[in-house]
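What follows is one structure encoded as structure tokens, with my remarks underneath.
2 protein chains.
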Amino acid sequence: MKSLYIGALDIGGTKMAATVANAQGPLARVTQPTVKTGSRRAPAEQGIALLEAACAQAGIERSRLHAVGVSSCGPFAQIDGMVALATPNICGARAQRADLPNDWDTIPLEQVLREQFGMVSIENDCVAAIVAERTFGAVRDEPDCVYATWSTGIGFGLCVDGRVLHGKRGNAGHAGHMLMSDQSDALCGCGNRGDLEALISGRGLGARQGQSARDLFTAARNGEPAARAAAAQAAQWFGRALYNLTATLDTRIFVIGGSVWEHHGDWLTPIVLKEIEMRLPVLTQGVSIVPAALGTLVADIGALGLVMPPDWISQWRDTQPWGALAALSMHMPAA
Amino acid sequence: MKSLYIGALDIGGTKMAATVANAQGPLARVTQPTVKTGSRRAPAEQGIALLEAACAQAGIERSRLHAVGVSSCGPFAQIDGMVALATPNICGARAQRADLPNDWDTIPLEQVLREQFGMVSIENDCVAAIVAERTFGAVRDEPDCVYATWSTGIGFGLCVDGRVLHGKRGNAGHAGHMLMSDQSDALCGCGNRGDLEALISGRGLGARQGQSARDLFTAARNGEPAARAAAAQAAQWFGRALYNLTATLDTRIFVIGGSVWEHHGDWLTPIVLKEIEMRLPVLTQGVSIVPAALGTLVADIGALGLVMPPDWISQWRDTQPWGALAALSMHMPAA
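Residue numbers (my numbering), protein chains in the order written: chain A, 7 to 341; chain B, 7 to 341.
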């Protein structure tokens, strides 16, 4: 099995990362700021170039990559029946902001990758995260679980009956855009008023509270009354959203990551859990919350998990070779 | 294949129905008011007795039933790892009402049926309905679809990536208890304030509008201004809920039944669709709404569909033998 190699791409609004691995673990990882100019094919072509650089770093031919898994920021659109990106972080025509030097509406991804690789699996970053946490993280083999990230934005990856949900265009899990309030005028980047992301994302809190989410939660924990009320209310909204998902999907366990939860999950958990448990016991009894286990590399690990031969998994669970990913990483300047 | 028989139970809060069928179609159907007194095993034992009566009607031995599919009102609990009912329509200890002459908290179902039948599949009535509509109804073979019933209550059956969702205790689809409003004090039977069922179910509308949902929608269609405003607002809430499910599950098509939709779906559809389409085009583009095709027998057909050999399906699609179910039905007085 030593001769089988897989590749992974993590496509974010800020940076892109390419990893190659064999049965023993990751061999190389290369990162670079995400390309946002040139042809609409440029980001996908950057991904291919980074996979090539990671292969070179590992001393193997790119042609030996058996399959490529991709974790990408969303949402996704389709071009000719294949996954394309329509993300406001990369596509200038999708964003209400001036700092994106392109007029892309959608950019092809699956199509460009399939020209080079025989087997390609692309999922939203939170979908890749629930794959990672179920395979190597905090909810191993759990059939009914949801990954949530609470950070600049809010996103979810859903698993029901042992199967990770994808949806008609791969956008299952965009419950950050679930409407929660009918009286708040909090405005989301997507145009919704009163959706979860508008109410509690780092971006939304910053816009409405006049301080970063980090400062807000730190002040709350230091006992500053106004910050404490705002932070507790944000936690209640998050809890109401997790309750809504429990009622919808009959979830057993939530695994939560993102910068807000990493720093303040201990303080937030009892408030959030109470919002779930106080409602409909027959649905919510036994629901639990655990912190994500794989940290900032969850997307890379999830992208590998999308295409990993099943017989690698038990060995990786023993040796936890993803721990070497950060040390392996080579950062390249912008293209 | 003529010698293979399957059974189906439809367990509702008011009546229970048992059907037997072979490859050619349903052979007999027996209904009876649901038993609500005696031992906690009484409802499940009633189901067995009704299956026996249906077999007698069809002239076959009960022992020849290959499998039994069950569509039941929920929510479900578990007893010894098997499906039990915790429904407020049947279990006196679950209801805030005086007309249930028992103190049942949960009642065993799967356990009692498995003592008599080798193969038993039990699903919530809306889950059975999406099985029925995907197999024989309005959304045949559609991978990403949701069944919704808008009637006395509100319920959903969910299908993503071609698989019907079940959840940790078979309660996936209870999105009627999704929290929608943070300013309404509309009270749901489950204790929630401002959930979808409190806001727009027939029960909820009746309690708050002082007239039945049927009268309200009829008055609205006749142009009575207050009724028109209330009915349009209910339609908007329903549309917001379908949008929330679209964002969560990346649904392509909603198939809608229940008495409100049966009578007023034509008037409601444009209002509901607008609430979906006005939000996040990349998620909602191409989402459509169709009326349920199988009417009041959807639960029976779904229960049969849960255990039907796959090779029966194409023949039933051609001959539509479920059309005979109503004529076959024999009504028995209360036990």
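Backbone N, C-alpha and C define an ideal beta-carbon position, used for all residues, glycine too.
- The criterion of a C-beta distance shorter than 9 Å is not satisfied by A299 of chain B and E129 of chain B.
- Minimum Cα-Cα distance from V76 of chain A among the listed residues A:G329, A:R70 and A:I54 corresponds to A:I54.
- Taken in chain order, the whole alpha helix (DSSP H) runs of length 4 or more contained in the region 159-196 of chain B number zero.
- Under the Cβ distance rule, D167 of chain B counts among the residues neighbouring chain A, one pair being separated by less than 9 Å.
- A check of alpha carbon separations from R258 of chain A across A:G292, A:W328 and A:T275 identifies A:G292 as the nearest.
- Around the beta-carbon of D150 of chain B, 16 or more other beta-carbon atoms lie within 10 Å, marking it buried.
- Within chain A, D150, V166, D167, L255, D256 and T257 have C-beta atoms less than 8 Å from the C-beta of G173 of chain B, given in sequence order.
- If one requires a minimum length of 3 residues, the beta strand (DSSP E) runs lying completely within the region 88-123 of chain B are 88-91, in chain order.
- CA-to-CA, the gap between D16 of chain B and P81 of chain B works out to about 15 Å.
- Neighbourhood of D188 of chain A in chain B, by CB distance below 8 Å: M186, S187, D188, Q189 and S190, in chain order.
- Restricting attention to alpha helix (DSSP H) runs no shorter than 4 residues, the region 181-267 of chain A encloses them at 202-206, 208-215, 219-227 and 231-255, ordered along the chain.
- The Cβ-Cβ distance between L205 of chain B and M186 of chain B falls below 9 Å.
- For the pair of segments examined, the region 100-109 of chain A was found to touch the region 37-53 of chain A: the number of CB pairs separated by less than 8 Å reaches three.
- With fewer than 16 other beta carbons inside 10 angstroms of its own, P231 of chain A counts as exposed.
- Close partners of P81 of chain B in chain A (Cβ separation under 7 Å): V288 and L289.
- Between D167 of chain A and R175 of chain B, the C-beta gap is not smaller than 9 Å, which leaves the two residues out of contact.
- Assigned with DSSP and collapsed to three states, E58 of chain A falls in helix.
- Near chain B, meaning a CB-to-CB distance below 8 Å, the residues of the region 237-256 of chain A are R246, Y249, N250, L251, A253, T254, L255 and D256.
- Between I277 of chain B and Q326 of chain B the beta-carbon gap is near 32 Å, outside 8 Å, which marks them as no contact.
- Contact check for G65 of chain B against T155 of chain B fails: the beta carbons are separated by 9 Å or more.
- Residue burial annotation: P315 of chain B is exposed, with fewer than 16 other C-beta atoms found within 10 angstroms of its C-beta.
- For G75 of chain B, not one C-beta of chain A is nearer than 9 Å to its own C-beta.
- Listed along chain A is no residue with a C-beta nearer than 8 Å to that of N108 of chain B; the closest approach is about 17 Å.
- Straight-line measurement puts the Cα of I113 of chain A at about 38 Å from the Cα of S294 of chain A.
- Distance between G87 of chain A and K21 of chain A, taken at the CA atoms: about 26 Å.
- A distance below 7 Å between beta-carbons, with the five flanking residues on each side excluded, links L334 of chain A to the following residues of its chain, in chain order: P32, A34 and R35.
- Taken atom to atom, the span from the alpha-carbon of D221 of chain B to that of S190 of chain A is near 32 Å.
- Contact of H72 of chain A with chain B is not assigned, every C-beta pair being separated by 9 Å or more.
- Excluding five sequence positions before and after E281 of chain A, the CB atoms of its chain that fall closer than 7 Å to its own CB belong to Q242, G245, R246 and Y249, given in chain order.
- Within the model, the alpha-carbon separation for R323 of chain A versus F142 of chain A is close to 6 Å.
- The Cβ atoms of L289 of chain B and T252 of chain B sit closer than 9 Å to each other.
- Using a Cβ-Cβ cut-off of 9 Å, H183 of chain A counts as an interface residue toward chain B, since at least one Cβ of chain B sits closer than that to its own.
- Its chain contains L211, Q215, L222 and A226 as the residues whose beta carbon lies nearer than 8 Å to that of A236 of chain A, once the 5 sequence neighbours on both sides are disregarded; these appear in chain order.
- Per the DSSP secondary-structure output, E129 of chain A pairs in a beta bridge with A:S77.
- Its Cα nearest to that of V74 of chain A, the residue A:M125 stands out among A:Q63, A:G159 and A:M125.
- For H180 of chain A, the neighbours in chain B by C-beta distance under 8 Å run, in chain order, A253, T254, D256, L286 and L289.
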